Amino acid sequence: MAIREVLKMGNPLLREFSQPVPENEMTGPELKALIADMFDTMEHEQGIGIAAPQIGVLKQVAIVGLPGGNPRYQEHEEEEADYEPLVVINPQIKPLTEEVDAHWEGCLSVPGLRGLVERPNKIQVEFFDPEGALHSLVAEGFVATIFQHEIDHLFGNLYVDRVKDPKNLSFNEEFEKYHLDSQEDE
Ligand code: ZN
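The opening position of the sequence shown corresponds to residue 2 in this note's numbering, with each subsequent residue numbered one higher.
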């Protein structure tokens, strides 16, 4: 379909609440076109996930990249990411624990930066797929973080809002030099 411009931090649209997709529109042509544009844009930007508001569409749709082998966060940007994309529509998250994991996150809307964010490490996610079927799953560890990062976008939140200590913000090059080894990934 089309590669769209990714909105960057500072654009007020990234701070808006997105609207749920009505059930009778989930399988419609408009949403199919939106999802195709999101895939094209994500692949062009070499991202592992993207949310509709990042291309300026305030609908509750996100693509979540589920790591299979070498997620982008742990490898150099140039390398081919190994992940399975999952489209989620109208997702809802329920934390299943008070326990948190800290992961270094990056975002297409905040280019060049990483930040250490603590999030609940076990969550339940309910969402519709592009066929309009309702799913419920439990995500843990890094995968739980990936879901929460993308779904945050649908409610006007960016990961930088959740970096507790601004000392844990880093440019990519410095991240790889000084912080990659200290990453607490499982
Ligand atoms: Zn993001």
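Just so you know, even glycine gets a beta-carbon here, dropped at the ideal spot from N, CA and C.
Treat the numbers as computed from the prediction; the structure is a model and nothing was measured.
**Prompt:** Quick one: what's got a C-beta closer than 7 Å to residue 26's C-beta in the same chain, skipping five residues either side?
**Reply:** Along the sequence shown, one-based indexing puts residue 26 at 25. The residues are 32.
**residue 22 in three-state terms, based on DSSP** = As a first step, residue 22 must be located in the sequence shown, where it is residue number 21. Coil at residue 22, not helix or strand.
**Prompt:** Given a threshold of 16 other Cβ atoms within 10 Å of its Cβ, counted over all protein chains shown, does residue 70 qualify as buried or as exposed?
**Reply:** For the purposes of this step, residue 70 is identified with residue 69 of the sequence shown, where counting begins at 1. Reliability of the predicted coordinates at residue 70 is poor, the pLDDT of 48 falling under 50, and no value is obtained from them.
**Asked** Which residue spans inside the region 134-167 form an unbroken alpha helix (DSSP H) run of at least 4?
**Response** 142-154
**Message:** Please tell me whether, using a cut-off of 8 Å, the distance from the CB of residue 145 to the nearest non-hydrogen atom of the ligand ZN is below it.
**Reply:** The count along the sequence shown starts at 1 and reaches residue 145 at position 144. Every heavy atom of the ligand ZN is 8 Å or more from the Cβ of residue 145, so no.
**Message:** List, from N- to C-terminal side, the beta strand (DSSP E) runs of 3 residues or more that fit wholly inside the region 29-95.
**Reply:** 50-52, 62-68
**Request:** Note down the Cα distance separating residue 86 from residue 66, rounded to an integer number of angstroms.
**Result:** Walking along the sequence shown from the start, residue 86 turns up at place 85. Walking along the sequence shown from the start, residue 66 turns up at place 65. Cα to Cα, the separation comes out at about 4 Å.
**Request:** Please work out which residues of its chain come closer than 7 Å, Cβ to Cβ, to residue 42, disregarding the five sequence neighbours upstream and downstream, and give them in chain order.
**Result:** By one-based count along the sequence shown, residue 42 stands at place 41. The answer, listed in chain order, is 4, 5, 7, 51, 56.
**Asked** What residues in its chain sit with their C-beta under 7 Å from that of residue 165, if we drop five residues either side in the sequence?
**Response** On the sequence shown, position 164 is the one that residue 165 refers to. Answer for residue 165: 119, listed in chain order.
**Item:** CA nearest to the CA of residue 114, picked from 172, 11, 40
**Value:** As a working note, residue 114 is residue 113 in the sequence shown. Ranking 172, 11, 40 by Cα distance to residue 114 puts 172 first.
**Message:** Going by the DSSP bridge assignment, what does residue 126 pair with across the sheet?
**Reply:** The residue labelled residue 126 in the question sits at position 125 within the sequence shown. In the DSSP output, where bridge partners are listed per residue, residue 126 has 94, 138.
**Asked** Rounded C-beta distance between residue 62 and residue 35? I'm assuming under 8 Å.
**Response** Looking up residue 62 in the sequence shown gives position 61. Looking up residue 35 in the sequence shown gives position 34. So it is a contact: roughly 6 Å between Cβ atoms.
**Message:** Once the 5 residues before and after residue 80 are set aside, which same chain residues still bring their CB inside 6 Å of it?
**Reply:** Against the sequence shown, residue 80 aligns to sequence position 79. The pLDDT assigned to residue 80 is 48, lower than 50, so where the model puts this residue is not dependable; a value taken from the coordinates is nonetheless given after this. Taken in chain order, the list of residues that qualify is empty.
**Message:** Do residue 140 and residue 124 have their beta-carbon atoms positioned less than 9 Å apart in this structure?
**Reply:** As a position in the sequence shown, residue 124 is number 123, starting the count at 1. As a position in the sequence shown, residue 140 is number 139, starting the count at 1. In this structure, residue 140 lies closer than 9 Å to residue 124 by Cβ.
**Message:** Shorter than 8 Å, the distance from the beta carbon of residue 84 to the closest heavy atom of the ligand ZN, or not?
**Reply:** Position 83 of the sequence shown, counted from the first residue, corresponds to residue 84. Incorrect: residue 84 has no Cβ contact closer than 8 Å to the ligand ZN.
**Request:** Could you check which residue in 145, 93, 101, 155 has the C-alpha nearest to that of residue 136?
**Result:** Here residue 136 is taken as the residue at index 135 of the sequence shown, counted from 1. That would be 93, whose Cα lies nearest to the Cα of residue 136.
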